[in-house]
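Student: Residue numbers (full-length UniProt numbering), protein chains in the order written: chain F, 1 to 235; chain Z, 1 to 235.
By construction, the Cβ of each residue, glycine as well, lies at the ideal position given by its N, Cα and C atoms.
2 protein chains.
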Amino acid sequence: MPPFLHREYHLSSSAVLQDIVIGLSDGLTVPFALAAGLSGAVQSSGLVITAGLAEIVAGSIAMGLGGYLAGRTEVDHYAAELAREHAEVRTVPDTERREVQELLANMGLSPATAAQATHELTQDPEQWVKFMMKYELDLEEPDPKQAPKSAGTIAAAYAVGGLIPLSAYFFTATPQQGLLWSGAITLLCLLVFGFFKSRLTGQPPVPGALKMAATGAAAAGAAYYVAHLVNGVRL
Amino acid sequence: MPPFLHREYHLSSSAVLQDIVIGLSDGLTVPFALAAGLSGAVQSSGLVITAGLAEIVAGSIAMGLGGYLAGRTEVDHYAAELAREHAEVRTVPDTERREVQELLANMGLSPATAAQATHELTQDPEQWVKFMMKYELDLEEPDPKQAPKSAGTIAAAYAVGGLIPLSAYFFTATPQQGLLWSGAITLLCLLVFGFFKSRLTGQPPVPGALKMAATGAAAAGAAYYVAHLVNGVRL
Chain F
1 MPPFLHREYH LSSSAVLQDI VIGLSDGLTV PFALAAGLSG AVQSSGLVIT AGLAEIVAGS
61 IAMGLGGYLA GRTEVDHYAA ELAREHAEVR TVPDTERREV QELLANMGLS PATAAQATHE
121 LTQDPEQWVK FMMKYELDLE EPDPKQAPKS AGTIAAAYAV GGLIPLSAYF FTATPQQGLL
181 WSGAITLLCL LVFGFFKSRL TGQPPVPGAL KMAATGAAAA GAAYYVAHLV NGVRL
Chain Z
1 MPPFLHREYH LSSSAVLQDI VIGLSDGLTV PFALAAGLSG AVQSSGLVIT AGLAEIVAGS
61 IAMGLGGYLA GRTEVDHYAA ELAREHAEVR TVPDTERREV QELLANMGLS PATAAQATHE
121 LTQDPEQWVK FMMKYELDLE EPDPKQAPKS AGTIAAAYAV GGLIPLSAYF FTATPQQGLL
181 WSGAITLLCL LVFGFFKSRL TGQPPVPGAL KMAATGAAAA GAAYYVAHLV NGVRL
């Protein structure tokens, strides 16, 4: 595989993984913590399940649709900036040429080499604009198909992540029993997920696993405490 | 203000705004949708408030801690890559020099100018590594203070966003009345927030406002439907 193809492949594969990681991180944490919180306040597993499923649906749609709209915005933003750069290269070429020269000087080129390089880079307007987009504005052309794919992946990962902690309440008689099983299953999943997530991003995996489990435990503990407190006041 | 300071200022101001936007987007949507969903399934406003507060706490901690850990990981990742580049420049300078030359040729420089530029850029190892970090790896040095600041901003914005839809249930007698007021207040807030968010990012504000409100309405509608369905089966 030629190097640039290899790089493209690598980038697109990690885009999907990144979306799965985003969805799972929140899906394993927030519905787990909500269900744990309610377990400290209500007597019916049915209520915990109802609230948990409502949260999973709400979270999946908010994250999925949010991801989709953010992706679409990125595509629009790139198109707008591209049109602006094309116009600037046409209408104020001297200003734009000076920007290229400054950019090259900031990289560390001598004035003479920067001038020669500027001369070469600004011969072809297409190449000139491409250079400005990438090195002045730090924008890569987004793939328009990425947004719907991202949305679906994030939403599905959130739902899968959320159903794991909730499943415990299906098979237990009381919310308290559900919480014990849910906590055990979810902390185990968070440890495994944190381990592989850290491996993927080249971080030390054991501290990564512990951090992920600690985040879930902190969220669940705080939600339990608050629900218990509110319950004592209101119900 | 010198141009680079102006740019730094601009970047750091938009980092805070970005965090507020991230927190508010989810905070206005998910707790709203969860409360709406439960309104279709339970008879007690106290239960909706308990679940809503548990969700806000869980979501704030998950997002805030998640943001903090992601920021810390970014700092570690940058340090690891920096060390690796320094080592490579020392141990395989010819390979690294060829990478600089290829990068410059890909920008559109002639072989002669690319060779001269490579010669200049690789004189000082510090400047050489800086060039590789920015232009080969596309990494900017992250500010280590950014992670805790981000975490706090996102968590606070999520909590503020979540308390707006929930507040309606404090002042109404039944979940059904709460839902009406909550829906009205939240959709208005989503329209206003979507409008200004789009203005900030240079997108058309009216479609942006409508998209934001539609996301919230879709999440709430789906959560209501699912909670109603589950409720019919279980309770």
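(1) Would THR172/Z pass as an interface residue toward chain F - the criterion being a Cβ-Cβ separation below 8 Å?
(2) Between the Cα of SER198/Z and the Cα atoms of VAL89/F, ASP76/F and ALA219/F, which residue gives the shortest distance?
(3) Grab the span of the alpha helix (DSSP H) containing residue 237/F for me, first residue to last.
(4) For SER110/Z, which three-state DSSP category applies?
(5) Answer with buried or exposed for SER60/Z, where buried requires no fewer than 16 other C-beta atoms within 10 angstroms of its C-beta.
(6) Tell me whether PRO207/F is buried or exposed, calling it buried when 16 or more other Cβ atoms sit within 10 Å of its Cβ.
(7) Report back the beta-carbon spacing between GLY108/Z and GLU120/F to the nearest angstrom; my notes put them in contact at under 8 Å.
(8) Determine, using beta carbons only, whether ASP34/Z and GLU96/F come nearer to each other than 8 Å.
(9) Which residues in the same chain have their Cβ closer than 8 Å to the Cβ of LEU5/Z, if we skip the five residues on either side of it in sequence?
(10) Around the C-beta of SER14/Z, are 16 or more other C-beta atoms found within 10 angstroms, so that it is buried, or is it exposed?
(11) Enumerate in chain order the residues of its own chain whose CB-to-CB distance from ILE49/F is below 6 Å, with the five nearest sequence positions on each side excluded.
(12) CA-CA distance, ALA213/Z and GLN116/F?
(13) If you measure from the beta carbon of GLY108/Z to each beta carbon in chain F, is any gap under 8 Å?
(14) Helix, strand or coil for PRO207/F, going by three-state DSSP, please let me know.
(15) Smallest Cα separation from MET133/Z: which of ASP94/Z, ILE154/Z, GLU99/Z and LYS149/Z?
(16) Where does SER167/F fall in DSSP's three states?
(17) Could you tell me which uninterrupted alpha helix (DSSP H) segments, each at least 4 residues in length, are contained entirely in the region 34-105 of chain Z, listed from first to last along the chain?
(18) Nearest CA to the CA of LEU210/F: which residue from GLY221/F, ALA222/F, ALA223/F and PHE196/F?
(19) Just the chain Z side, please: which residues come within less than 8 Å of GLY178/F by C-beta, in chain order?
(20) Less than 8 Å between CB atoms is the rule here; does ASP94/F satisfy it with respect to chain Z?
(21) So, for ARG72/F: in the same chain, excluding its five sequence neighbours on each side, which residues have a beta-carbon less than 7 Å away from its beta-carbon?
(22) Just to make sure I have the definition right: I need the residues of chain F whose C-beta is within less than 8 Å of the C-beta of LYS211/Z. Which are they?
(23) Starting from the C-beta of LEU179/F, find all residues in its chain whose C-beta is less than 6 Å away, skip the five residues before and the five after it, and write them out in chain order.
(24) Count the other CB atoms within 10 Å of the CB of ASN106/Z; is the residue buried (16 or more) or exposed (fewer)?
(25) Apply the 10 Å Cβ neighbour rule to GLN101/F and answer buried if 16 or more other Cβ atoms are within range, or exposed otherwise.
(26) In the DSSP assignment, the alpha helix (DSSP H) including GLY202/F goes from what residue to what residue?
(27) Drop a sphere of 10 angstroms on the beta-carbon of PHE32/F, count the other beta-carbons inside from all chains shown, and report buried for 16 or more, exposed for fewer.
(28) Classify LEU188/F as buried or exposed, calling it buried when 16 or more other Cβ atoms lie within 10 Å of its own Cβ.
(29) Does the beta carbon of GLN43/F sit closer than 8 Å to a beta carbon anywhere in chain Z?
(30) Given that ILE164/Z touches chain F, what residues does it touch there, using C-beta distances under 8 Å?
(31) Kindly examine the ligand MN and report whether one of its heavy atoms sits closer than 7 Å to the Cβ of LEU188/F.
(32) Excluding the five sequence neighbours on either side, which residues of its own chain have a C-beta within less than 8 Å of the C-beta of THR174/F, listed in chain order?
(33) Show which residues of chain Z have a CB atom less than 8 Å away from the CB atom of VAL75/F.
(34) Look at the alpha carbon of ALA222/Z and the alpha carbon of GLY152/F, and state the distance between them as a whole number of angstroms.
Tutor: The short version:
(1) no
(2) ASP76/F
(3) What is shown of chain F runs 1 to 235, which leaves residue 237/F out entirely.
(4) coil
(5) buried
(6) exposed
(7) 7 Å
(8) Residue identity differs from the one stated: residue 34/Z is Leu in this sequence, not Asp. No, Cβ-Cβ distance for LEU34/Z and GLU96/F is not below 8 Å.
(9) Note that LEU5/Z has pLDDT 36, beneath the 50 cutoff, so the model's placement of it is unreliable and no number is given.
(10) exposed
(11) TYR169
(12) 52 Å
(13) yes
(14) helix
(15) GLU99/Z
(16) helix
(17) 45-91
(18) PHE196/F
(19) Within chain Z, no residue comes near GLY178/F; the closest Cβ sits about 13 Å away, beyond 8 Å.
(20) no
(21) ALA147
(22) LEU69
(23) ALA36 and SER39
(24) exposed
(25) buried
(26) Per DSSP, GLY202/F belongs to no alpha helix (DSSP H) and is neither H nor E.
(27) buried
(28) exposed
(29) no
(30) Within 8 Å Cβ-Cβ: nothing; ILE164/Z doesn't reach chain F, min ~15 Å.
(31) This structure simply doesn't include the ligand MN, nor any ligand for that matter.
(32) GLN43 and SER45
(33) Those do not exist, as VAL75/F stays about 11 Å from chain Z at its closest Cβ, beyond 8 Å.
(34) 16 Å
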